[in-house]
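**Student:** Sending over a structure as structure tokens; questions will come in a sec.
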Amino acid sequence: MILTHMKSYKSRHSKKRGLAKLDCYCENKVFNKLEYLSEIAKGMKNIESSFTKKLFKKYGIRIILFFLPFILGTIYPMLFIEGHEVMKICGSACSKHGDSGYASHKETNYKSPFSIDQLNIIEKLYPAFYCLFGIIVLSVIIYCAIKVMKYEKLKLGKR
Numbered sequence: 004m005i006l007t008h009m010k011s012y013k014s015r016h017s018k019k020r021g022l023a024k025l026d027c028y029c030e031n032k033v034f035n036k037l038e039y040l041s042e043i044a045k046g047m048k049n050i051e052s053s054f055t056k057k058l059f060k061k062y063g064i065r066i067i068l069f070f071l072p073f074i075l076g077t078i079y080p081m082l083f084i085e086g087h088e089v090m091k092i093c094g095s096a097c098s099k100h101g102d103s104g105y106a107s108h109k110e111t112n113y114k115s116p117f118s119i120d121q122l123n124i125i126e127k128l129y130p131a132f133y134c135l136f137g138i139i140v141l142s143v144i145i146y147c148a149i150k151v152m153k154y155e156k157l158k159l160g161k162r
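Take the sequence shown: its letter number 92 is residue 95 in the numbering used here, and every next letter is one higher.
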């Protein structure tokens, strides 16, 4: 059943328009990846450790890069937002970082390449990007989970 579904992709894809066409394209991509992983698992005779190693060798960097903005977004408030900061930051125009005798200020504060206004803009935009990225990640995970369930049903011969 899965093979006929995958072979009929071109005829289904050409008939659809707009978001339905995008969904059909993404579904085909997900199904091809699942089929590839299924073939790897069969070839390894379900040896769990070698399958996992091969999986992370092939997709590990992609997974890390996919979640990197989310991880950095979690670290950002700990480092820079007032009240939670690990590092105190001065703007690029800070006069206390010159050659004059503000050694204690230099030791406790980091001079940023950005001005105070730019740092304030970054601080205001951070939550929006963080939430937006969270929504995108959650949507991709839900979409892939739905397609995996559909793939398993088709593989078992159910429609």
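Virtual Cβ for every residue (Gly too), placed ideally from N, Cα, C. These numbers were taken from a predicted model, which means no experiment stands behind them.
Look at the alpha carbon of I138 and the alpha carbon of N31, and state the distance between them as a whole number of angstroms.
**Tutor:** On the sequence shown, position 135 is the one that residue 138 refers to. On the sequence shown, position 28 is the one that residue 31 refers to. Computed Cα separation, rounded: 23 Å.
**Student:** Going by DSSP in three states, C1 sits in which element: helix, strand or coil?
**Tutor:** The structure shown does not extend to residue 1, since the chain is modelled only from 4 through 162, so no value can be given for it.
**Student:** Classify K19 as helix, strand or coil using the three-state DSSP reduction.
**Tutor:** As a first step, residue 19 is located in the sequence shown; it is residue number 16 there, counting from the start. Coil at K19, not helix or strand.
**Student:** Tell me the DSSP bridge mates of Y28?
**Tutor:** Mapped onto the sequence shown, residue 28 falls at position 25. Its beta-bridge partners do not exist; DSSP assigns none.
**Student:** What is the DSSP secondary structure of K114, counted as helix, strand or coil?
**Tutor:** Start at 1 with the first residue of the sequence shown, and residue 114 comes out as number 111. Strand.
**Student:** According to DSSP, what are the bridge partners of I166?
**Tutor:** Missing from the structure shown is residue 166; the chain here goes from 4 to 162 and no further.
**Student:** DSSP on K161, reduced to helix/strand/coil?
**Tutor:** Reading the sequence shown from its first residue, position 158 is the one you call residue 161. In this structure, K161 counts as coil in the three-state DSSP scheme.
**Student:** What's the C-alpha gap between F59 and S53?
**Tutor:** Locating residue 59 in the sequence shown gives position 56, where the first residue counts as 1. Locating residue 53 in the sequence shown gives position 50, where the first residue counts as 1. Answer to the nearest angstrom: the Cα atoms are 10 Å apart.
**Student:** Consult DSSP for S11 and reduce its assignment to one of helix, strand or coil.
**Tutor:** By one-based count along the sequence shown, residue 11 stands at place 8. Three-state DSSP puts S11 in coil, outside helix and strand.
**Student:** Mind checking whether I92 and Y113 have CB atoms under 8 Å apart?
**Tutor:** As a first step, residue 92 is located in the sequence shown; it is residue number 89 there, counting from the start. As a first step, residue 113 is located in the sequence shown; it is residue number 110 there, counting from the start. Yes; because the gap between Cβ atoms is below 8 Å, this pair is in contact.
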